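Enquirer: The sequence shown stops at residue 375 when you use the UniProt record's numbering, and every number in between is there.
C-beta: ideal position from N, C-alpha, C; glycine also.
Here the structure is a predicted model, which is why all the values come from computation and not from measurement.
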Amino acid sequence: MKIAVAKEQDPAEPRVAATPDTVKKLKALGAEVAVEPGAGLKSGLPDSDFTAAGATVSADALKDADVVFKVKRPEASELASYKRGALVLAIMDPYGNDAALKSIADAGIAAFAMELMPRITRAQVMDVLSSQANLAGYRAVIDGAETFGRVFPMMMTAAGTVPAAKVFIMGVGVAGLQAIATARRLGAIVTATDVRPATKEQVESLGAKFLAVEDEEFKNAQTAGGYAKEMSKEYQAKQAALTAEHIKKQDIVITTALIPGRPAPRLVTAEMVKSMKPGSVLVDLAVERGGNVEGAQPGQVVEIDGVKIVGYTNVAGRVAASASALYARNLLSFFETMVNKEKALAVNWDDELVKATALTRDGAVVHPNFQPKSA
C-alpha cells in the first residue's frame, strides 16, 4: 500500500500531515510513503528529514496512492491527481460545504473527516479537535500577551509594584483550559466562564476563579458528547449581564466558544468592548465561524477606542511544528485501525470510528449528517 503526504495548497496553512517520526511508524506497518516536495518546510521539516526516515520525496507522490494524508480538505483542483478509490484523511470542514463534498464524492474518493472523530476513550489519541485546540489555547494567550502593552505577572521592583494582569477566558473546552493554564503560568489573575457545570471544578483546579449564573438551566447545560448546549435567550441575557460587568475590569479576554457546525455564539458585544480600558486586548478564537466578539475580523488585529481585538485564523498553525507533530500522530493512530495483521489495507466499514468519520465512498456522500437533502 502506498501512502502519500500532500503539500497543502493553501499558502496560509503551514502544517503538514506527517513527520519523520510517523513516517517510520507507517513504514513499520508495511506502507510505502511518498511525500510531495516542500510539504513540511513551513513546519521546520525539510525534505531530507523525510528521506532519512525512509520516505520518497516526489512531485508524483499522489499518483497511484492508496491513501492520502492531508491537513485540509482537498480542493476541486487537486482531485484530478487522486486515484479513484483512494482514502483521504484530513480536516474536511464539511459543514455548509455541500458542493465540495459532492466534488470529492464524484472523484471516487473515500474521504474521512478527522474532526468528526467520536469523543470516546478509544479515540482520544485520534482526536484532532483536542490536539489542535490545546495548542490554539496556548497560542491565544501568547498572542494576547504580545499585543498587551504590559506584563502579566505582578512585579515588585525598587521603582514600584507592577500589578498582575487580569485575564478572562470565555469557553472552557480544551482550548480554554490550556489558555487558563498558560495565563496562570505567566502570572496573571485568571477568571473563566462556561455554560457547562462540569467545567467549574476544572477551572478551579487550575487556580482560576469560575464565573457563571448557576441556575437550573446551567446545571443541565451539557450534551452527552461533552459539548455545550445552546442556552435559552433568558439565560443568555442573565449571563451577558454578569459578564458585561466583569469584562469592564479585565485586561485580556480570550473567547473560545464554538459548537461544531454552527455559527459562533456572540459573547462580547460592541458595548462590552467599549466598556474596557484603553490598552485592553480581546483574542477571538472563533473568528473563522463568525466570531464571539463583535467587531472581530478574520486575520486582523482591529483597534476600537484603544481596545485591540485579535482575530488571527488557524491559530494552531501559528505553532506549526508542534501542531503538525500532534496532528500527524492523530492520523497515524486512526490509520493503524485500517491495517490488518498481514500489513494490508483493510478498512472495517462497520467500525464506529469509520462510521463517524467517513464522508464519501463509492461516488456518494455517505455520512448521514451531510447527505444531499431530497427535493
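1. Pick from Ala198, Leu177, Glu217, Asp215: whose alpha carbon is nearest that of Ala208?
2. Measure how close the beta-carbons of Ala286 and Ala257 come, nearest whole angstrom, since I'm counting them as under 8 Å.
3. Around the C-beta of Ile109, are 16 or more other C-beta atoms found within 10 angstroms, so that it is buried, or is it exposed?
4. Over the uninterrupted beta strand (DSSP E) stretch that includes Ala192, give me the two end residues.
5. Need the endpoints of the beta strand (DSSP E) that Glu303 sits in, please.
6. Report buried or exposed for Arg84, applying the criterion of at least 16 other Cβ atoms within 10 angstroms of its Cβ.
7. Less than 8 Å between the C-beta atoms of residue 378 and Met154, yes or no?
8. Just to confirm, is the Cβ distance from Arg15 to Val71 under 8 Å?
9. Can you tell me whether Phe69 is helix, strand or coil according to DSSP?
10. How about Val5 and Ala39: do their beta carbons lie closer than 8 Å?
11. Is it buried or exposed, Pro94, if we count other Cβ atoms within 10 angstroms and call 16 or more buried?
12. Inspect the CB distances between the region 190-199 and the region 271-286 and report whether three or more fall short of 8 Å.
13. Just to confirm, are Ala358 and Phe112 a CB contact at a threshold of 8 Å?
14. Pick from Ala133, Leu41, Leu353, Leu101: whose alpha carbon is nearest that of Gln371?
15. Using only alpha-carbon positions, find the residue among Asp49, Asp47, Ile252, Leu332 that is nearest to Val167.
16. In the DSSP assignment, what residue or residues form a beta bridge with Ile254?
17. By how many angstroms is the C-alpha of Ala296 removed from the C-alpha of Asp143?
18. On the criterion of 16 or more Cβ atoms from any shown chain inside 10 Å, does Gly317 qualify as buried, or is it exposed?
19. For Pro20, is the classification buried or exposed, using 16 other Cβ atoms within 10 angstroms of its Cβ as the cut-off for buried?
20. Does DSSP classify Gln9 as helix, strand or coil?
21. In the DSSP assignment, what residue or residues form a beta bridge with Ala212?
22. Which residues in the same chain have their Cβ closer than 6 Å to the Cβ of Tyr138, if we skip the five residues on either side of it in sequence?
23. In this structure, what does DSSP give as the bridge partners for Ile3?
24. Between Pro46, Ala107, Ile120, which has its C-alpha nearest Pro74's C-alpha?
25. With Gly290 and Ala325 assumed to form a contact (beta carbons below 8 Å), what rounded beta-carbon distance in angstroms separates them?
26. Apart from the five residues on each side of it in sequence, which residues of its chain come closer than 8 Å, Cβ to Cβ, to Ala375?
27. What would DSSP say about Ile109, mapped onto helix, strand or coil?
28. Could you compute how far the alpha carbon of Ser58 sits from the alpha carbon of Asp47?
29. Using CA atoms only, rank isn't needed, just tell me which of Gly306, Leu242, Phe335 is closest to Asp351.
30. What residue does the alpha helix (DSSP H) around Ile180 start on, and which one ends it?
31. Taking all protein chains shown into account, do 16 or more other C-beta atoms lie within 10 angstroms of the C-beta of Glu36, making it buried, or fewer, making it exposed?
32. Starting from Gly160, trace the beta strand (DSSP E) both ways and give me its first and last residue.
33. Does the beta-carbon of Glu8 have 16 or more other beta-carbons within 10 angstroms, so that it is buried, or is it exposed?
34. How many angstroms separate the CA atom of His246 from the CA atom of Ala240?
35. Is the separation between the beta-carbon of Leu135 and that of Ser322 shorter than 8 Å?
36. Along the chain, where does the beta strand (DSSP E) containing Thr157 start, and where does it finish?
Expert: Reading it off the structure:
1. Stepping through the sequence shown from its first residue, residue 208 is reached at position 208. Between Ala208 and the set Ala198, Leu177, Glu217, Asp215, the nearest pair of CA atoms involves Leu177.
2. Walking along the sequence shown from the start, residue 286 turns up at place 286. Walking along the sequence shown from the start, residue 257 turns up at place 257. Rounded, the Cβ-Cβ distance is 6 Å, consistent with contact.
3. Locating residue 109 in the sequence shown gives position 109, counting from the first residue. With 16 or more other CB atoms across the displayed protein chains lying within 10 angstroms of its CB, Ile109 is buried.
4. Locating residue 192 in the sequence shown gives position 192, counting from the first residue. Per DSSP, Ala192 is one residue of the beta strand (DSSP E) stretching across 189-193.
5. Looking up residue 303 in the sequence shown gives position 303. 301-304 is the extent of the beta strand (DSSP E) around Glu303.
6. Here residue 84 corresponds to residue number 84 of the sequence shown, with the count starting at 1. So Arg84 ends up on the exposed side.
7. In the structure as shown, the chain starts at 1 and stops at 375, and residue 378 therefore has no counterpart that could be examined.
8. Along the sequence shown, one-based indexing puts residue 15 at 15. Along the sequence shown, one-based indexing puts residue 71 at 71. Yes, they are a contact pair.
9. Here residue 69 is taken as the residue at index 69 of the sequence shown, counted from 1. In this structure, Phe69 counts as strand in the three-state DSSP scheme.
10. Translated into positions along the sequence shown, residue 5 becomes position 5. Translated into positions along the sequence shown, residue 39 becomes position 39. When the beta-carbon positions are compared, Val5 and Ala39 come within less than 8 Å of each other.
11. Counting from one through the sequence shown, the residue named residue 94 turns up at place 94. With 16 or more other Cβ atoms within 10 Å, it is buried.
12. Contact between the region 190-199 and the region 271-286 is absent, because fewer than three Cβ pairs lie under 8 Å.
13. Taking the first residue of the sequence shown as 1, we reach residue 358 at position 358. Taking the first residue of the sequence shown as 1, we reach residue 112 at position 112. Going by C-beta atoms, Ala358 is nearer than 8 Å to Phe112.
14. On the sequence shown, residue 371 is found 371 positions in, with the first residue counted as 1. With respect to the C-alpha of Gln371, the residue from Ala133, Leu41, Leu353, Leu101 having the closest C-alpha is Leu101.
15. One-based indexing of the sequence shown puts residue 167 at position 167. When each option's Cα is compared against that of Val167, the closest is Ile252.
16. Residue numbering aside, residue 254 sits at position 254 when the sequence shown is read from its first letter. In the DSSP output, where bridge partners are listed per residue, Ile254 has Ile169, Val283.
17. To locate residue 143, count along the sequence shown from 1; it is residue 143. To locate residue 296, count along the sequence shown from 1; it is residue 296. The C-alpha of Asp143 lies about 15 Å from the C-alpha of Ala296.
18. Looking up residue 317 in the sequence shown gives position 317. The Cβ neighbour count for Gly317, taken over all protein chains shown within 10 Å, is at least 16; the residue is labelled buried.
19. Numbered from 1 along the sequence shown, position 20 holds the residue referred to as residue 20. Counting Cβ neighbours within 10 Å, Pro20 comes out buried, since at least 16 surround it.
20. Start at 1 with the first residue of the sequence shown, and residue 9 comes out as number 9. It is coil, neither helix nor strand.
21. As a working note, residue 212 is residue 212 in the sequence shown. Per DSSP, none; premise fails for Ala212.
22. Position 138 of the sequence shown, counted from the start, is the residue given in the question as residue 138. When the five nearest sequence neighbours on each side are left out, the beta carbons in the same chain lying within less than 6 Å of the beta carbon of Tyr138 are those of Gln178, Thr182, in order along the chain.
23. Position 3 of the sequence shown, counted from the first residue, corresponds to residue 3. The secondary-structure analysis by DSSP pairs Ile3 across a beta bridge with Val33, Val67.
24. As a first step, residue 74 must be located in the sequence shown, where it is residue number 74. Measuring from the Cα of Pro74, the nearest candidate turns out to be Ala107.
25. For this step, residue 290 is matched to residue 290 along the sequence shown. For this step, residue 325 is matched to residue 325 along the sequence shown. That pair is no contact at about 30 Å.
26. Here residue 375 is taken as the residue at index 375 of the sequence shown, counted from 1. Reliability of the predicted coordinates at Ala375 is poor, the pLDDT of 43 falling under 50, and the value obtained from them is presented with this limitation in mind. Closer than 8 Å at Cβ, skipping near neighbours: no residue.
27. Numbered from 1 along the sequence shown, position 109 holds the residue referred to as residue 109. DSSP places Ile109 in coil when its eight states are reduced to three.
28. Within the sequence shown, residue 58 is the residue found at index 58, counting from 1. Within the sequence shown, residue 47 is the residue found at index 47, counting from 1. If you take the alpha carbons of Ser58 and Asp47, they lie about 10 Å apart.
29. Counting from one through the sequence shown, the residue named residue 351 turns up at place 351. The option with the nearest alpha carbon to Asp351 is Phe335.
30. By 1-based counting over the sequence shown, the position of residue 180 is 180. For Ile180, the enclosing alpha helix (DSSP H) stretches over residues 174-185.
31. For the purposes of this step, residue 36 is identified with residue 36 of the sequence shown, where counting begins at 1. Per the 10 Å Cβ criterion, buried.
32. Residue mapping note: residue 160 aligns to position 160 of the sequence shown, counting from 1. Unbroken beta strand (DSSP E) run through Gly160: 160-162.
33. Position 8 of the sequence shown, counting from 1, holds the residue named residue 8. Burial call: buried.
34. As a first step, residue 246 is located in the sequence shown; it is residue number 246 there, counting from the start. As a first step, residue 240 is located in the sequence shown; it is residue number 240 there, counting from the start. Distance between the alpha carbons of His246 and Ala240 is about 10 Å.
35. Translated into positions along the sequence shown, residue 135 becomes position 135. Translated into positions along the sequence shown, residue 322 becomes position 322. Cβ distance < 8 Å, so Leu135 and Ser322 count as in contact.
36. As a working mapping, residue 157 is identified with position 157 in the sequence shown. For Thr157, the enclosing beta strand (DSSP E) starts and ends at 155-157.
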